[in-house]
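What follows is a set of notes on a single structure, which appears directly below.
Number of protein chains: 2
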Amino acid sequence: MSETRAINFGAGPSALPQSVLEEAARGLLNFAGTGIGIAEISHRSKEFAAFLAEVEELIREQLNVPSTHTILFTQGGGTAQFSAIVLNLLARHRLLHPDLKDEERIMDYVITGTWSKNAAQEAGRLGGAKINIAADARVTSSDGKSFDNIPPHDAYKFSQSPALIYYCENETVNGVQFSHDQQAPESFPFHLLPKDALLPLVADYSSSFMSRPIPRLADHAVIYAGAQKNVGPAGLTIIIVRKDCIVDVDAAAKLGAAPVPIGLAYKSFAEQKSMPNTPPVFSLYVSGLVLRRSKALGGVSYYEAVNQRKKDKVYAVLGDGEKLGLLKGYVKRGSGSWMNIVFEVLGEGTEARFLAGAEAKGMKSLKGHRSVGGIRVSLYNAITEEQTDQLVAYIRHFLAEETVTSNS
Amino acid sequence: MSETRAINFGAGPSALPQSVLEEAARGLLNFAGTGIGIAEISHRSKEFAAFLAEVEELIREQLNVPSTHTILFTQGGGTAQFSAIVLNLLARHRLLHPDLKDEERIMDYVITGTWSKNAAQEAGRLGGAKINIAADARVTSSDGKSFDNIPPHDAYKFSQSPALIYYCENETVNGVQFSHDQQAPESFPFHLLPKDALLPLVADYSSSFMSRPIPRLADHAVIYAGAQKNVGPAGLTIIIVRKDCIVDVDAAAKLGAAPVPIGLAYKSFAEQKSMPNTPPVFSLYVSGLVLRRSKALGGVSYYEAVNQRKKDKVYAVLGDGEKLGLLKGYVKRGSGSWMNIVFEVLGEGTEARFLAGAEAKGMKSLKGHRSVGGIRVSLYNAITEEQTDQLVAYIRHFLAEETVTSNS
Numbered sequence: 001m002s003e004t005r006a007i008n009f010g011a012g013p014s015a016l017p018q019s020v021l022e023e024a025a026r027g028l029l030n031f032a033g034t035g036i037g038i039a040e041i042s043h044r045s046k047e048f049a050a051f052l053a054e055v056e057e058l059i060r061e062q063l064n065v066p067s068t069h070t071i072l073f074t075q076g077g078g079t080a081q082f083s084a085i086v087l088n089l090l091a092r093h094r095l096l097h098p099d100l101k102d103e104e105r106i107m108d109y110v111i112t113g114t115w116s117k118n119a120a121q122e123a124g125r126l127g128g129a130k131i132n133i134a135a136d137a138r139v140t141s142s143d144g145k146s147f148d149n150i151p152p153h154d155a156y157k158f159s160q161s162p163a164l165i166y167y168c169e170n171e172t173v174n175g176v177q178f179s180h181d182q183q184a185p186e187s188f189p190f191h192l193l194p195k196d197a198l199l200p201l202v203a204d205y206s207s208s209f210m211s212r213p214i215p216r217l218a219d220h221a222v223i224y225a226g227a228q229k230n231v232g233p234a235g236l237t238i239i240i241v242r243k244d245c246i247v248d249v250d251a252a253a254k255l256g257a258a259p260v261p262i263g264l265a266y267k268s269f270a271e272q273k274s275m276p277n278t279p280p281v282f283s284l285y286v287s288g289l290v291l292r293r294s295k296a297l298g299g300v301s302y303y304e305a306v307n308q309r310k311k312d313k314v315y316a317v318l319g320d321g322e323k324l325g326l327l328k329g330y331v332k333r334g335s336g337s338w339m340n341i342v343f344e345v346l347g348e349g350t351e352a353r354f355l356a357g358a359e360a361k362g363m364k365s366l367k368g369h370r371s372v373g374g375i376r377v378s379l380y381n382a383i384t385e386e387q388t389d390q391l392v393a394y395i396r397h398f399l400a401e402e403t404v405t406s407n408s
Numbered sequence: 001m002s003e004t005r006a007i008n009f010g011a012g013p014s015a016l017p018q019s020v021l022e023e024a025a026r027g028l029l030n031f032a033g034t035g036i037g038i039a040e041i042s043h044r045s046k047e048f049a050a051f052l053a054e055v056e057e058l059i060r061e062q063l064n065v066p067s068t069h070t071i072l073f074t075q076g077g078g079t080a081q082f083s084a085i086v087l088n089l090l091a092r093h094r095l096l097h098p099d100l101k102d103e104e105r106i107m108d109y110v111i112t113g114t115w116s117k118n119a120a121q122e123a124g125r126l127g128g129a130k131i132n133i134a135a136d137a138r139v140t141s142s143d144g145k146s147f148d149n150i151p152p153h154d155a156y157k158f159s160q161s162p163a164l165i166y167y168c169e170n171e172t173v174n175g176v177q178f179s180h181d182q183q184a185p186e187s188f189p190f191h192l193l194p195k196d197a198l199l200p201l202v203a204d205y206s207s208s209f210m211s212r213p214i215p216r217l218a219d220h221a222v223i224y225a226g227a228q229k230n231v232g233p234a235g236l237t238i239i240i241v242r243k244d245c246i247v248d249v250d251a252a253a254k255l256g257a258a259p260v261p262i263g264l265a266y267k268s269f270a271e272q273k274s275m276p277n278t279p280p281v282f283s284l285y286v287s288g289l290v291l292r293r294s295k296a297l298g299g300v301s302y303y304e305a306v307n308q309r310k311k312d313k314v315y316a317v318l319g320d321g322e323k324l325g326l327l328k329g330y331v332k333r334g335s336g337s338w339m340n341i342v343f344e345v346l347g348e349g350t351e352a353r354f355l356a357g358a359e360a361k362g363m364k365s366l367k368g369h370r371s372v373g374g375i376r377v378s379l380y381n382a383i384t385e386e387q388t389d390q391l392v393a394y395i396r397h398f399l400a401e402e403t404v405t406s407n408s
């Protein structure tokens, strides 16, 4: 069966380990020996409850999530969380500071790409506070308008006592990512944040979750991730919330905060073990299988090492292609994502040849996001080092061919 | 493989056709010949776009959805829709009647069970209008407090020009359902509704969607259903919306309506073919396979006939058990659901014997909802007539055994 499988470099939904898919296929007909398939079994059954508890524990253990934080599972993807973080954290701020006017509440947004821009836009739609753009990568970009960099630390201006501080750790569309090396100038500037033991710091980890350890996880109020990159099928959102951010939104509404739709209120999920209503059972199942496998392989440290080698190899061949004038990376070095590597293939018709050649070798979904164009190579956990080597070999071969052609 | 499969009478997530599960298992590894599994493929791929268009068409065709209505796919289940219907229809009402005060806007709720009670509670949480309980089945119940009936037509009091009129067609927990026979006293009283060509009529069809035709579908503003009963795995919500209810929620917010979180705004889904963000791809896939199969069998008319026979058989044996004093239906006859049949097994320890005996014959998930107790038999589309016969035979045998025991 493996011969017919493509190598899927897509940005999400994206590749899953074949062994997991084979186990999930069996689970579809019979889950945990119940004679009932995983998509059919009651979410209130003891078998599913045990599985869900295990999924939570697999995340807690591998990411070292402290007991100060709760892990929630919801639906709606990062987009639903764009709204949920604002509504829940403004409710929290209202309870802490009931007398402030809306214009005295501030939400800090760090904008480094398409997704953080969208998140800030949603905050603006919902209102209830002023938005401070704490940093904008377009300002520090090469051309004044592109999301091609992580801003240097001196470009940030955080507010004194914000209701929320937001950043997107990895920008899937643009291919920029904060460094997890706290010494690197492209790291998130934790040291510049207001001094507060209970920082309202929110991070969108959708496309890098479980790919390497999360720096200063315990200092975050909310970390969320759609499952459909490194973890599982679309339809599941994983949220790590510090417990002081799970607030009584109805009490806050009585003080004037915006009412929070029940499906976006962290409290309803926390109180009912992520099941105020039917959860996305199959997505949770596959995610659990992926996380079991990840643990067996050595957890996020294992993936950190593998993913580092994978991205080093691709950036190396990209560098070679740049020297030959055939490729052009979209992102400043140092700001480049481990997960999504975006570049152009220069010359008329060359990109189409690149894609067709890759396709002929069973390498798919390499076309860049429609808003950016070019090529995007996504190297999520399920892409093996061997598959990465195949891609790199293909790119080397392509560069050699093109060089011969252009010299002939 | 089929020998190991249980007969799953659960209320949802619930049984799916084995042939569909087998096809889905293959699709997990290779979707539409792409070499990429369905949980891995980009939702923007042409293969998935074609599949999604087919899913929509399968619903439109089988339910006869007119061109006045759009079909949307979202996440979050009925619970997310409890909020979405209020926010979108209050935005619509604001645009139609910008000068009304909140207390002059009215939402009519018909309460017939747990889910409609929860829906009305969410409307109360969100505010923005007064709630009129147009009918409450507890008032017309046998004991003044139970959800055991569909109120008679003279029990309804609708408002003149409400922003929303809500009912839940089938109450999964309580086992009451509106009759689809418009002559029956237990039908929904369409003739009592305010005269308006564009009625803001909302129906929760979560647990009866696709089980039989929807009466007066075209007169509804919104019909929604979680997939996880008759259609597919949990994690997908299907919404049929009349186009005048897909409104510019931001324009309404400028006039004072509550801002609508982007993931709950019908407009964002309608404008982007249900993909403002990544949809629940696998749930959509399995739902599509189920709907293809349904069409091949003859569509909702086929299921109407089969489901009628199935429920007639179960209600018949329930009637026999009642005559023997061994069973007791929870619901008034005429108000009983086709999909969820709720009853008690009388006598100390008898219910436990009933469940154990069923389990021994591979019949599972018959325990009633924790809030009601007793037995609940769910007869969704995937439960065959033959499986229903097996259950009925078991109940007959059980009644005979118990009669012998109590007579000896």
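Sequence lines, in order, name chains P and A.
Okay, so the first sequence: first residue is 1 according to UniProt numbering, each after it adds one.
Okay, so the second sequence: first residue is 1 according to UniProt numbering, each after it adds one.
Using N, Cα and C, we set each Cβ at its ideal position, and we do this for glycine too.
Need the endpoints of the alpha helix (DSSP H) that K130 of chain P sits in, please. It is not in any alpha helix (DSSP H) - K130 of chain P instead sits in the beta strand (DSSP E) that spans K130 to D136.
Given a cut-off of 9 Å, decide if V286 of chain A and residue 409 of chain A are closer than it, judged by their beta-carbon atoms. Lying before the first or after the last residue shown, residue 409 of chain A is absent from chain A, which here runs from 1 to 408.
Quick one: is N277 of chain P near chain A, going by C-beta distance under 9 Å? yes
Count the other CB atoms, across all protein chains shown, that sit within 10 Å of the CB of D312 of chain A; report buried if there are 16 or more and exposed otherwise. With fewer than 16 other Cβ atoms within 10 Å, it is exposed.
Contact residues within the region 368-394 of chain P, judged by C-beta distance below 7 Å to chain A: none
What does I111 of chain A pair with, by DSSP beta-bridge criteria? A:D136
Where does N340 of chain P land, buried or exposed, given buried means 16+ other C-beta within 10 angstroms? Under the 10 Å beta carbon count, N340 of chain P is surrounded by 16 or more other beta carbons and is classified as buried.
Just to confirm my understanding: we take S371 of chain P, look at its own chain, exclude 5 residues before and 5 after, and list those with CB closer than 7 Å. What are they? T114 and V173
Run through DSSP, which three-state label would G357 of chain P get? helix
Close beta carbons around Q182 of chain A, own chain, < 7 Å, minus the five adjacent residues each side: P215
Could you say which of P:I240, P:L29 and P:L52 lies nearest to S67 of chain P if we only look at CA atoms? P:I240
Taking the alpha carbon of G78 of chain P as the point to measure from, which residue in A:S337, A:P279, A:E322 and A:A360 has its own alpha carbon closest? The shortest C-alpha separation from G78 of chain P is found at A:P279.
Listed in chain order, which residues of the region 29-45 of chain A have Cβ atoms closer than 7 Å to some Cβ of chain P? L29, N30, T34, G35, I36, G37, A39, E40, I41, S42 and H43
Kindly indicate which three-state DSSP category N88 of chain A falls into: helix, strand or coil? Correct three-state label for N88 of chain A: helix.
Let me confirm a value: A400 of chain A is counted as buried when at least 16 other C-beta atoms fall within 10 Å, else exposed. Which label applies? exposed
Specify whether the region 2-13 of chain A and the region 383-395 of chain A touch according to this definition: at least 3 beta carbon pairs, one from each stretch, less than 8 Å apart. The count of Cβ pairs closer than 8 Å, one atom from the region 2-13 of chain A and one from the region 383-395 of chain A, reaches three, so the stretches are in contact.
Is any beta-carbon of chain A found at less than 9 Å from that of N340 of chain P? no
Tell me where the beta strand (DSSP E) around Y303 of chain P begins and ends. Here Y303 of chain P belongs to no beta strand (DSSP E); instead the alpha helix (DSSP H) covers G299 to K323.
Confirm, please, whether the CB-CB distance from G37 of chain A to V281 of chain P is below 9 Å. Pairing V281 of chain P with G37 of chain A gives a Cβ-Cβ distance that is not under 9 Å.
Go through its chain and collect everything with a Cβ distance to E186 of chain P's Cβ below 7 Å, but skip five positions before and after it. I150, F178, S179, G334 and S335
Taking buried to mean at least 16 other C-beta atoms within 10 Å of its own C-beta, is A84 of chain P buried or exposed? buried
For the putative contact between P213 of chain A and V300 of chain A, defined by C-beta atoms under 8 Å, what is the C-beta separation to the nearest angstrom? Beta-carbon to beta-carbon, P213 of chain A and V300 of chain A are separated by about 5 Å, close enough to satisfy the 8 Å threshold.
With 16 other CB atoms within 10 Å as the buried threshold, where does H93 of chain A fall? buried
Answer yes or no: do residue 469 of chain P and L264 of chain P have a C-beta to C-beta separation smaller than 9 Å? Here chain P comprises residues numbered 1 to 408, so residue 469 of chain P is not present and cannot be evaluated.
Between L100 of chain P and I246 of chain P, what straight-line distance do the alpha-carbon atoms span, to the nearest angstrom? Roughly 21 Å between the two C-alpha positions.
Can you tell me which of P:K46, P:G76 and P:K273 puts its alpha carbon nearest to the alpha carbon of S283 of chain P? Minimum Cα distance to S283 of chain P is reached at P:G76.
Using DSSP with H/G/I as helix, E/B as strand and the rest coil, what is I59 of chain P? helix
The region 155-165 of chain A in contact with the region 122-137 of chain A per 3-pair CB rule at 8 Å: yes
Take every Cβ of the region 107-126 of chain A, pair it with every Cβ of the region 157-168 of chain A, and state whether three or more of those distances are shorter than 8 Å. Segment contact: the region 107-126 of chain A against the region 157-168 of chain A, three or more CB-CB distances shorter than 8 Å; contact assigned.
G374 of chain A bridges to which residues according to DSSP? Answer is none; G374 of chain A lacks a bridge partner.
Give the straight-line distance between the Cα atoms of V139 of chain P and L28 of chain A, rounded to the nearest whole angstrom. 44 Å
Which same chain residues, not among the five before or five after R60 of chain A, have their C-beta less than 7 Å away from its C-beta? I71
Classify Q81 of chain P: buried if its beta carbon has 16 or more other beta carbons within 10 angstroms, exposed otherwise. buried
If R309 of chain P sits next to E385 of chain P, beta carbons under 8 Å apart, how far is it from one beta carbon to the other, in whole angstroms? 6 Å
Determine the chain A residues that contact S14 of chain P at a beta-carbon separation under 7 Å, and present them in chain order. E40
Would you say D181 of chain P reaches chain A, if we count a Cβ-Cβ gap shorter than 9 Å as a contact? No - not a single Cβ of chain A is within 9 Å of the one on D181 of chain P.
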